[in-house]
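**Q** Residues in the sequence shown are numbered from 1 upward in steps of one, following full-length UniProt numbering.
Just so it is clear, CB atoms sit at the ideal spot from N, CA and C, and this is done for glycine as well.
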Amino acid sequence: MATVIDGKVVAQTIRSEIADEVRLLAQKYGKVPGLAVVIVGSRKDSQSYVGMKRKACAELGIKSFDVDLPEQISQAELIKQVHELNDNTDVHGILVQLPLPKHINEEKVLSEISLEKDVDGFHPLNIGKLAMKGRDPLFLPCTPKACLELLQRSGVTIKGKKAVVVGRSNIVGLPASLLLLKADATVTIVHSHTSQPENIIREADIVIAAAGQPKMIKGSWIKPGAAVIDVGTNAVDDPTRKSGYRLVGDVDFEEASKTAGWITPVPGGVGPMTVTMLLKNTLEGAKRYIEQSN
């Protein structure tokens, strides 16, 4: 049976480290980190993620700025909101919750976020630095950073191992593969045009599943002893739940946990860690700004 990596426990350890640093900043400079979360529309997964962020900020003493915008907002209006947050000196991190509605150009909006406040790590210049050897972005994207942190803190060796990333989104798959490469893994990306993905996944020492397909990865696809990080959060209908749905991952957890060496559950794996990495990035941004201005 696999060791279940409890994201909540690891996140709690990191959060207490962050809370200590927030207290020190407040004592020394009388300033606290500020995080602005911009959400457009009302997707279930986005709403639950944003709720977790607000709660976490409150617990750690980070000031939270909420910007809730209607689904039909124009791109120009959204960019205007971003510019206002860029100019606000109490805001050290700006997060625009993705995906955005179809009529808005994601790239355009993200590139308007000040590089120093890009706590999601999606600014083209931050991603560009991530893709280049020997360059360090100001911020690493939160979910990929969470995946690596979970592997490292669970004692999983990455260097020299075969890693397979399932999915190639700008949010998770692509940056996760770049981070694994930086950590000296041999990386393969599996995507919707890959033929016989199971054969590739079966060779992996490390699997990062970020395809957005409920239980797509079967237990029989997992190499014995492999580390499986499941990024998928898929809402599936469940009439027995009050909400009417429950969250499942991209991996069939019951099956895969019989063969894997390590596995993350959904929920309670990558989710709490992603929010924690966001808070860590916000703290780092605040420290950079506050220490430079004093």
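Which residue spans inside the segment 9-92 form an unbroken alpha helix (DSSP H) run of at least 4?
**A** 44-60 and 75-87
**Q** In three-state DSSP terms, what is residue 270?
**A** helix
**Q** Please give me, in chain order, every unbroken run of the beta strand (DSSP E) with length at least 3 that falls completely inside the segment 170-196.
**A** Counting only runs of 3 or more, we get 186-190.
**Q** Indicate whether the contact test is met: 3 or more Cβ pairs, each with one atom in the segment 145-163 and one in the segment 232-246, closer than 8 Å.
**A** no
**Q** With a CB to CB cut of under 8 Å and the five nearest residues on each side skipped, what residues in its chain are close to residue 209?
**A** 166, 167, 216, 217, 228, 229, 230, 231, 232, 249, 250 and 251
**Q** Per DSSP, what kind of secondary structure is residue 168 in: helix, strand or coil?
**A** coil
**Q** By a C-beta neighbour count over all protein chains shown, 10 Å radius and 16 as the cutoff for buried, is residue 177 buried or exposed?
**A** Around the Cβ of residue 177, a 10 Å sphere holds 16 or more other Cβ atoms; the residue is buried.
**Q** Looking at residue 141 and residue 171, is the spacing between their C-beta atoms short of 9 Å?
**A** Taking 9 Å as the Cβ cut-off, residue 171 and residue 141 qualify as a contacting pair.
**Q** Where do the ends of the beta strand (DSSP E) carrying residue 235 lie?
**A** 234-237
**Q** For the segment 209-253, which segments carrying the beta strand (DSSP E) assignment without a break, of at least 3 residues, lie completely within its bounds, in sequence order?
**A** 227-230, 234-237 and 245-248
**Q** Please name the residue or residues paired with residue 207 in a DSSP beta bridge.
**A** 164 and 228
**Q** With 16 as the cutoff for other CB atoms within 10 Å, does residue 293 come out buried or exposed?
**A** exposed
**Q** Quick check on the burial criterion: 16 or more other C-beta atoms within 10 angstroms. Buried or exposed for residue 7?
**A** Buried, by the Cβ-count rule.
**Q** Count the other CB atoms within 10 Å of the CB of residue 196; is the residue buried (16 or more) or exposed (fewer)?
**A** Classification of residue 196: exposed, given that the 10 Å Cβ count is below 16.
**Q** Exposed or buried, residue 13, counting other C-beta atoms within 10 Å across all chains shown (16 or more means buried)?
**A** exposed
**Q** Rounded to whole angstroms, what is the Cα-Cα separation between residue 51 and residue 120?
**A** Rounded to the nearest angstrom, the two C-alpha atoms are 17 Å apart.
**Q** Look at the Cβ atom of residue 213, then the Cβ atom of residue 234, and state whether they are nearer than 9 Å.
**A** Yes. Within cutoff.
**Q** Taking the straight line between their C-alpha atoms, what separation do you get for residue 255 and residue 219?
**A** 4 Å
**Q** Suppose contacts are defined by Cβ-Cβ distances below 9 Å. Is residue 65 in contact with residue 88 by that definition?
**A** yes
**Q** If I'm right that residue 226 touches residue 204 with Cβ under 8 Å, what's the distance once you round it to whole angstroms?
**A** 6 Å
**Q** So what's residue 158 in DSSP terms, helix, strand or just coil?
**A** coil
**Q** Can you check DSSP and say which residues form a bridge with residue 95?
**A** 37
**Q** On the CB-based measure, 16 or more other CB atoms within 10 Å of its CB, does residue 272 come out buried or exposed?
**A** buried
**Q** Return the CA-CA distance between residue 151 and residue 4, expressed in angstroms with no decimal places.
**A** Distance between the alpha carbons of residue 151 and residue 4: 12 Å.
**Q** Using a threshold of 9 Å, state whether the C-beta atoms of residue 67 and residue 81 are closer than that.
**A** yes
**Q** Is DSSP giving residue 282 helix, strand or coil here?
**A** helix
**Q** Along the chain, where does the alpha helix (DSSP H) that runs through residue 124 open and close?
**A** 124-131
**Q** So, under 8 Å CB-CB, residue 53 and residue 275 are touching, yes? Tell me the CB distance rounded to an integer number of Å.
**A** 5 Å
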